[in-house]
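The numbering of the sequence shown is the numbering used here, which starts it at 16 and goes up by one. Cβ atoms here follow ideal geometry from the backbone N, Cα and C, with glycine treated the same way. These numbers were taken from a predicted model, which means no experiment stands behind them. Beneath this line is the structure, given in structure tokens, with notes to follow.
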Amino acid sequence: MDPVSVARALVEEMFPGALYAYVGGSALTERRTSTSDLDVVVVLDGLPRPYRESLRWRGWPVELFVHSETSLRAYLEHDFDRRQPSLARMCAEGAVLADRTGGRASDLQAALGERLAAGPGGLSDGETERARYGLSDLLDDLAGAGDPGERAFISWQVVQDTARLALGFGRRWQGSGKWLLRELRAHDPDLAERLLAARDDPAALTGVATDVLERAGGRLWEGYRVEGDPFHRPLRHVPAGALSGDTAQSGGMRRLAAISGASAGSERLWMGQTHVAPATRSADHHHGASETAIYVVSGTPSFVFLRDGAEVRLSASPGDYVFVPPYVPHREENPDPEREAVVVIARSTQEAVVVNLPDLRPR
């Protein structure tokens, strides 16, 4: 059987209710070898925790990447942020094995394809200087290396850092292992071959790396300076009357931002208030990657989530605290017919992240 047929049969047998699935990787290309595995991405409804699993299925080596739609998007964004979109390539360049969503698999494939084709943004001035400094320092180490083992390790690091600088400066995606070489060959095949030819010759390798450094601005060591974050910035006061409603909202409740990047220059924290009117419930939602801590100021709010498919209701009183983990769908309810419920919220992100949902099921 061909790889796509094998992967489709695997998904039908192991994940008959999958929302959608893809197969990608070298097994679908002319690069396929006797050890190439099937990279299978499966998206399930309500999966509480994504996982990766290596297995053999009917004699085929398989790498499974099993996600909910929420976790898939979070992992894709993480890969894009680090300029190594391996998961995106599996989905965009692979084959759709199943789609029970009316086309979301193909839509995501097209969107990822456009993003891959556009390439990453260019390196910032700080990133370029840091890369130049790191490679310049390595070349100094290579010139002074007397131990053959150390020289071998330094040389291989020079090869990799030279490739990464060329790809970063050229606004191209990167990779690890064989994918770093593949990306470099696609971007600059001559440079790739020169690096491979010079990897065991320190003088030649220094010449190739220096050529790349010249493209990016030349060697940089003496005078390189990086300042850390200031340790003694002034305090910021946000008066009660200065809270802002210009923040993410959910139906049935009102959020007011107090401490945020915009109001106080915070980098890892958001704080504010939430008001739920009497006899009102909020829309179902989650807060992405944020951890959320809640302190009940007044009223008797309830916090509702699912456990094993059944609703669980936490009833709170003034002075109580509630913790909401990342990505957990929940809602706030105020059963009191007369009094508003007010809580203070702290989140582990700079801004209020709110993803409104049609119901409490994990996605």
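Practice item. Count the other CB atoms, across all protein chains shown, that sit within 10 Å of the CB of Pro163; report buried if there are 16 or more and exposed otherwise. Key: The residue in question, Pro163, is exposed, as its Cβ has fewer than 16 Cβ neighbours within 10 Å.
**Study point:** Reference Glu394, options Ala22, Phe95 and Arg115, closest by Cα
**Key:** Outside the shown range of the chain, which is 16 to 378, sits residue 394, and nothing can be said about it.
Review point. Run through DSSP, which three-state label would Gly256 get?
Key: helix
Practice item. Can you check the segment 100-163 for any alpha helix (DSSP H) of at least 4 residues that lies completely inside it and give the ranges in chain order? Key: 101-108, 119-133 and 140-159
Exercise for review: Let me know the secondary structure DSSP gives Gln189 once reduced to three states.
Suggested key: Three-state DSSP puts Gln189 in coil, outside helix and strand.
**Study point:** Val339, enclosing beta strand (DSSP E) - first and last residue
**Key:** Tyr336 to Val339
Review point. How is the alpha helix (DSSP H) around Pro217 delimited, first residue to last?
Key: Pro217 to Ala231
**Study point:** Nonlocal neighbours in the same chain, by C-beta distance under 6 Å from Arg115, ignoring five residues either side
**Key:** Leu34
Check your understanding: Out of curiosity, what's the CA-to-CA distance linking Ser317 and Ala356?
Key -> 10 Å
**Study point:** Sheet register partners of Asp54 (DSSP bridge)
**Key:** Gly39 and Glu78
Review point. Which partner residues of Met286 appear in the DSSP bridge assignment?
Key: Ile274 and Ala361
Point to revise | Span of the alpha helix (DSSP H), counted from its first residue to its last, around Thr85 | key: Glu84 to Asp96
Point to revise | Expected contact under 8 Å - CB spacing of Glu285 and Glu366 to nearest Å | key: It should be pointed out that residue 285 corresponds to Trp in this sequence rather than to Glu. With 8 Å as the limit, Trp285 and Glu366 qualify as a contact, their Cβ atoms being about 6 Å apart.
Exercise for review: Please state whether DSSP places Val327 in a helix, a strand or coil.
Suggested key: strand
Check your understanding: Hey, Arg269 and Asp60 are a contact pair by Cβ (cut 8 Å); roughly how many whole angstroms apart?
Key -> Contact flag wrong, Cβ pair sits at about 31 Å.
Exercise for review: Just the C-alpha distance for Asp323 and His302, rounded to the nearest angstrom, thanks.
Suggested key: 20 Å
Practice item. Indicate the three-state DSSP secondary structure (helix, strand or coil) for Ala356 in the structure shown. Key: strand
Check your understanding: Rounded to a whole number of angstroms, what is the C-alpha to C-alpha distance between Val311 and Val339?
Key -> 14 Å
**Study point:** Burial state of Trp188 (16 or more Cβ within 10 Å)
**Key:** buried
Review point. Using 8 Å as the threshold, is the segment 130-140 in touch with the segment 101-111, meaning 3 or more CB pairs across them?
Key: yes
Check your understanding: Is the CB-CB distance between Leu199 and Ala224 below 8 Å?
Key -> no
Review point. Just how far apart, CA to CA, sit Asp156 and Arg64?
Key: 44 Å
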